[in-house]
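Working notes, structure below.
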Amino acid sequence: MNETRPNLVRLRDFVRRVTDLADDHGGNEAAMLDGVEGYLRQLIGHDDWLPAFCAEPHPEHYQQYLLHCDPQERFSVVSFVWGPDQATPVHDHTVWGLIGMLRGGEVEQRFRSVDGALEQGETVALWPGDVGRVSPRIGDVHKVSNAHDDRVSVSIHVYGGNIGRIRRRVYSLEAATPQDFVSGYASSMIPNIWGGD
Ligand SMILES: [Fe+2]
Numbered sequence: 001m002n003e004t005r006p007n008l009v010r011l012r013d014f015v016r017r018v019t020d021l022a023d024d025h026g027g028n029e030a031a032m033l034d035g036v037e038g039y040l041r042q043l044i045g046h047d048d049w050l051p052a053f054c055a056e057p058h059p060e061h062y063q064q065y066l067l068h069c070d071p072q073e074r075f076s077v078v079s080f081v082w083g084p085d086q087a088t089p090v091h092d093h094t095v096w097g098l099i100g101m102l103r104g105g106e107v108e109q110r111f112r113s114v115d116g117a118l119e120q121g122e123t124v125a126l127w128p129g130d131v132g133r134v135s136p137r138i139g140d141v142h143k144v145s146n147a148h149d150d151r152v153s154v155s156i157h158v159y160g161g162n163i164g165r166i167r168r169r170v171y172s173l174e175a176a177t178p179q180d181f182v183s184g185y186a187s188s189m190i191p192n193i194w195g196g197d
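Note that our numbering has the sequence shown beginning at 1, numbered continuously upward.
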């Protein structure tokens, strides 16, 4: 991978395609999930475009770097960076989302609500090139962990809104009521996809 000159044309093309899709199908979740998944598979099929500052792990917790947000906040693109053994709490999203694995691996523990209580669902592993889905319609509560205890993992996520500003919930299996949270983003910088070639 060339870290000094990332091939940002790939990200720019992806943003353009998803913007066109949102113009045509923005209100249609199924059409967005199907369409964006195809483009995301192409994006993560190469590992030469993500700037190094969007792949920096934190020593204590995972990082969520904003790569692009649609001006109308119809979608956002982020990189998720996992240090060894790091994991999210159990959380929801409230909007559709796609998770594309770029480096390393993730383990997703899904949960479902049964009579108001959370029950463990299936466990799914994602490896480079794999794409997972979430949404309130198809299942929205999960806990995600780095599949590796000795290396960094990176995934590229696309959400049906500005995910860093959306009020969501984290769930504790001990506490009866979930807690509201707004994730924000780990960096105030975003990749400049508009310069160069
Ligand atoms: Fe998630």
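A virtual CB, placed ideally from N, CA and C, is assigned to each residue, including glycine.
Owing to the predicted nature of the structure, the values given are computational and were not obtained by experimental measurement.
Other residues of its chain near residue i: CB distance less than 6 Å, five sequence neighbours each side excluded
i: P89; result: V170
i: W96; result: E29, L33, S135 and G160
i: V107; result: A125, S145 and A147
Cβ-Cβ distance between residue i and residue j below 7 Å
i: S76; j: I163; result: yes
i: F14; j: L43; result: yes
i: S188; j: M101; result: no
i: Q64; j: Y185; result: yes
i: I193; j: L40; result: no
i: G121; j: S153; result: no
Segment limits, beta strand (DSSP E) that includes residue i
i: I99; result: G97 to R103
i: S76; result: S76 to W82
i: Q179; result: Q179 to F181
Neighbourhood of residue i by C-beta, 8 Å cutoff - its chain only, sequence neighbours within 5 removed
i: G116; result: none
i: F181; result: H91, R167, R168, R169 and V170
Own chain partners of residue i with C-beta closer than 7 Å, once the 5 adjacent residues on each side are dropped
i: N199; result: Lying before the first or after the last residue shown, residue 199 is absent from the chain, which here runs from 1 to 197.
Any non-hydrogen atom of ligand 2 within 6 Å of residue i CB
i: V152; result: Ligands displayed in this structure: ligand 1; ligand 2 is not among them.
Exercise for the section: Write down every uninterrupted run of the beta strand (DSSP E) in the stretch 15 to 66 whose length is 3 residues or greater and which is fully enclosed by it, in chain order. Expected result: none
Problem - Complete runs of the beta strand (DSSP E) confined to the stretch 96 to 176 [at least 3 residues] - result: 97 to 103, 106 to 114, 117 to 126, 131 to 134, 141 to 146, 153 to 159 and 168 to 171
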